[in-house]
Amino acid sequence: METIEIRTSSRTELVDITAKVQKAVSDSGIREGVCFVYTPHTTGAVTINENADPSVRKDITMEINKVIPFEDGYSHLEGNAAAHIKSSLFGCSATLLVDKGGLVLGTWQGVFFCEFDGPRNRRAHVKVLPG
Amino acid sequence: METIEIRTSSRTELVDITAKVQKAVSDSGIREGVCFVYTPHTTGAVTINENADPSVRKDITMEINKVIPFEDGYSHLEGNAAAHIKSSLFGCSATLLVDKGGLVLGTWQGVFFCEFDGPRNRRAHVKVLPG
Amino acid sequence: METIEIRTSSRTELVDITAKVQKAVSDSGIREGVCFVYTPHTTGAVTINENADPSVRKDITMEINKVIPFEDGYSHLEGNAAAHIKSSLFGCSATLLVDKGGLVLGTWQGVFFCEFDGPRNRRAHVKVLPG
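Order-wise, the sequence lines are chains A, B and C.
If you count by my numbering, then the first sequence holds residues 1 to 131, one letter each, in order.
If you count by my numbering, then the second sequence holds residues 1001 to 1131, one letter each, in order.
If you count by my numbering, then the third sequence holds residues 2001 to 2131, one letter each, in order.
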């Protein structure tokens, strides 16, 4: 298990961690298998989406902030209830396939850490199972 | 594969199953690997979120019931279409890492069965792969 | 790793790929383990939900198109920003358990490719780890 460090700079943000995940896969020495990216935070998430046009990331954060508003009569007193809800909708882990030592990604796919309550220092664990 | 039994008591509810999942991991005897929690129900889900302040769970269920209302002109005649939709948004499985025989969880993370069409008797399977 | 080909016929659609995933599991020769279904597209997803009443699929697509509208002031110029958002909410992979050579599915569960920007030719990879 390898741990990635991530520094986010906005309240809501998608940070491209594809290269860091690929490095962890390379470090594992595993050529064929499955890679799991897991974040131990309850107001963040991990997702896979387009890494070519940055406007896609902008649209994702804009729209999710509209669907799950920052303020909506929540009970949780820390003021970040919306971030917890977004975390469960996006999910705190992603699963990727590994082939010939590399992540099996579509042409436009990248791996992103989703910040929903930043800016903060965040982490994600990467684990690879051979097979 | 071990199966967890869950009794839910409300129409929408997040039930903390962390201890049961950890027990299944311990029973497996696997010290390092990946743990999969899978529920075979189409109106429930599995998620990872904060287990410290119960108001987080309350906010999650309140908000998701607002975003996906119980009644919204659905076609499905059983009256639980909203529960099916929520199940796909949260996902019927969760992936966790296992280190030194324990689940790798963040300080505030717990594993929850999400009931969207209760109360009912529910199940979740736990499988651990070594590696 | 085996690759499934999928032809979608609508802009938004859930296509049942359960039999194709099961065939890939059978082809792997693995009797006990975990099966991963991964789609390399950023405007599609993979989900598990009811495969008995087709109205459930209809309700899922109707409601997600209402929650994440096709037009909502998005920045992405290709006109499919909504599809990218839906992809991250549903997730581009699904995890299933394998027991006695078969997918461990609930009575009503099937595996679906989610088309959010069709019609198109799509693919999903299936990988099985023994254990």
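Backbone N, C-alpha and C define an ideal beta-carbon position, used for all residues, glycine too.
Predicted model, so just to flag it, every value in this text is computed and none were measured.
Of the residues the options, the one placed nearest residue i, counting alpha carbons only
| i | options | result |
| --- | --- | --- |
| Gly110/A | Glu13/A, Arg11/A, Asn49/A | Asn49/A |
| Pro2069/C | Thr2012/C, Glu2005/C, Gly2131/C, Pro2130/C | Thr2012/C |
| Ala52/A | His2084/C, Ser2093/C, Gly2091/C, Lys2023/C | His2084/C |
| Arg1057/B | Thr18/A, Tyr74/A, Val15/A, Glu2/A | Tyr74/A |
| Asp1059/B | Gly29/A, Glu78/A, Lys20/A, Ser10/A | Glu78/A |
| Leu1089/B | Leu1103/B, Cys1114/B, Met1001/B, Pro1130/B | Cys1114/B |
| Ser55/A | Ala2082/C, Thr2047/C, Thr2039/C, Ile2017/C | Ala2082/C |
| Thr1039/B | Gly2118/C, Trp2108/C, Glu2063/C | Trp2108/C |
| Asp2117/C | Ala2094/C, Val2104/C, Thr2043/C | Thr2043/C |
| Glu2002/C | Lys2086/C, Leu2103/C, Leu2105/C, Ser2028/C | Ser2028/C |
| Ser10/A | Val126/A, Leu129/A, Arg120/A | Arg120/A |
| Val1104/B | Arg123/A, Arg31/A, Leu103/A | Arg123/A |
| Cys2092/C | Leu2014/C, Lys2020/C, Met2062/C, His2041/C | His2041/C |
| Val46/A | Lys23/A, Ser87/A, Pro130/A | Ser87/A |
| His125/A | Val21/A, Gly106/A, Thr61/A | Val21/A |
| Met1062/B | Gly102/A, Asp16/A, Glu71/A, Ala24/A | Glu71/A |
| Leu1014/B | Asn1080/B, Ala1024/B, Val1025/B, Phe1112/B | Phe1112/B |
Per-residue contacts from residue i into chain A (C-beta, under 7 Å)
| i | result |
| --- | --- |
| Lys1058/B | Ser75 |
| Met2001/C | Leu97, Asp99 |
Residue i - DSSP class collapsed to helix/strand/coil
| i | result |
| --- | --- |
| Asp1117/B | coil |
| Phe112/A | strand |
| Thr2095/C | strand |
| Glu2063/C | helix |
| Pro130/A | strand |
| Asp2016/C | strand |
| Arg31/A | coil |
| Ile2068/C | coil |
| Ala124/A | strand |
| Leu89/A | helix |
| Arg2011/C | coil |
| Val104/A | coil |
| Ala2045/C | strand |
Chain-ordered neighbours of residue i on chain C, where CB pairs are closer than 8 Å
| i | result |
| --- | --- |
| Ser55/A | Tyr2074, Ser2075, His2076, Leu2077, Ala2081 |
| Phe1036/B | Val2034, Thr2095, Leu2097 |
| Lys1042/B | The sequence shown places Thr at residue 1042/B, not Lys. Here the neighbours are Ile2048, Asn2049, Glu2050, Val2056, Gly2106, Trp2108, Gln2109. |
Contact set between residue i and chain C, taken where Cβ atoms lie within less than 7 Å
| i | result |
| --- | --- |
| Thr47/A | Ser2088 |
| Gly131/A | Leu2129, Pro2130 |
Chain B residues whose Cβ lies nearer than 9 Å to that of residue i
| i | result |
| --- | --- |
| Glu2013/C | Chain B residues near Glu2013/C: none, gap ~14 Å exceeds 9 Å. |
Under 9 Å by beta carbon: chain C residues contacting residue i
| i | result |
| --- | --- |
| Val1104/B | Ordered by position in chain C, no residue passes the 9 Å Cβ test against Val1104/B, which lies about 17 Å from the chain. |
Contact set between residue i and chain A, taken where Cβ atoms lie within less than 8 Å
| i | result |
| --- | --- |
| Val1969/C | The structure shown does not extend to residue 1969/C, since chain C spans only 2001 to 2131, so no value can be given for it. |
Residue i: contacting residues in chain B (beta-carbon distance under 7 Å)
| i | result |
| --- | --- |
| Cys92/A | Ile1048 |
| Glu2063/C | Ile1068, Asp1072, Ile1085 |
* Evaluate the contact criterion for the region 96–109 of chain A versus the region 29–42 of chain A: three or more CB pairs, one atom per stretch, below 8 Å. => yes
* To do: Please determine if the region 2004–2021 of chain C and the region 1056–1068 of chain B are in contact, where contact requires at least 3 C-beta pairs separated by less than 8 Å.
  => Output reads no: the region 1056–1068 of chain B does not touch the region 2004–2021 of chain C.
* Asked: In the region 2107–2129 of chain C, which residues sit with their C-beta less than 7 Å from some C-beta in chain B, listed in chain order?
  -> Trp2108, Gln2109, Leu2129
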